[in-house]
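For the sequence shown, our numbering gives the first residue as 16, with consecutive numbering after it. Working notes for the structure below.
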Amino acid sequence: MAASLTGLQLFLNAVPERIHSRATAAICNHLLRGLPVADRLQSLDGKRLWLTISDTDTRLCYRFDRGRLQPDAGTGNPDLHIRGKLRYFLQLALRREDPDTLFFARHLSLEGNTEDGLLLKNFLDALEFDLASHLEAVVGRRLSKPLLPVARRMQGFFSKQSRWNHTQDTGE
16 MAASLTGLQL FLNAVPERIH SRATAAICNH LLRGLPVADR LQSLDGKRLW
66 LTISDTDTRL CYRFDRGRLQ PDAGTGNPDL HIRGKLRYFL QLALRREDPD
116 TLFFARHLSL EGNTEDGLLL KNFLDALEFD LASHLEAVVG RRLSKPLLPV
166 ARRMQGFFSK QSRWNHTQDT GE
């Protein structure tokens with residue numbers, strides 16, 4: 016994973032944080048479309064979340080608005096602040112490690128309102144990507160039915176590639 020991380024670390028350092036915040040918010044919102052668990056984010060409306068990647072000195076700032084993640088200016092103090100190294104954020108995002116393990120092992124630290132932090136951690140625990148629901152929300156029921164078998168094959172291919180890359184990077 017070291018070689019892949021180096022390229023990503025360089026990218027994070029070269030591109031302004033506000034662009035990362037904007038892009039990652041758009042990606043997250045897109046991926047959450049159609050997933051029932053996404054409704055839980057409305058409980059965090061008005062709250063601000065900062066992610067600080069310690070080994071790249073990068074801070075991504077968001078706020079929750081109508082159940083969606085929006086980029087935030089990052090002024091003042093956040094309601095929730097998660098800190099950690101890039102590798103642990105990637106493990107969380109790619110579901111290679113569960114949130115409890117990363118937080119309890121202190122690879123990621125969570126500061127701020129305890130109730131909101133627990134809600135966010137439970138959201139991450141419950142997050143399961145449902146391709147059929149997502150596809151229907153994105154392209155509609157009529158188009159999703161014929162596209163679903165193709166999308167599942169693509170998902171399987173990328174999942175195999177990801178596992179292969181993970182094995183190459185970690186030697187597992």
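Note that the Cβ used here is the ideal one computed from N, Cα and C, for glycine as well.
- Residue burial is scored here from C-beta neighbours: Thr71 has at least 16 other C-beta atoms within 10 angstroms and is therefore classed as buried.
- Residue pairing of Asp80 in beta bridges, as defined by DSSP: Arg83.
- In the DSSP annotation of this structure, Thr90 is not part of any beta strand (DSSP E), being labelled neither H nor E.
- Excluding its 5 nearest sequence neighbours in each direction, Asp131 has C-beta neighbours in its own chain below 8 Å: Leu59, Lys62, Asp94, Leu95, listed in chain order.
- For Glu126, the three-state secondary structure derived from DSSP is strand.
- Gly89 places its beta carbon 8 Å or farther from that of Leu56.
- Within the same chain, and ignoring the five residues on either side of Ala53 in sequence, the residues whose Cβ sits closer than 7 Å to its Cβ are Leu47, Gly82.
- For Thr67, the enclosing beta strand (DSSP E) has its first and last residue at 63-68.
- Beta-bridge analysis with DSSP links Thr73 to Ile68.
- The segment 97-116 and the segment 135-143 touch, with three or more beta-carbon pairs separated by less than 8 Å.
- If only uninterrupted alpha helix (DSSP H) runs of at least 4 residues are considered, those enclosed by the segment 103-147 are 114-119, 129-141.
- Note that the C-beta distance between Phe118 and Leu125 is below 8 Å.
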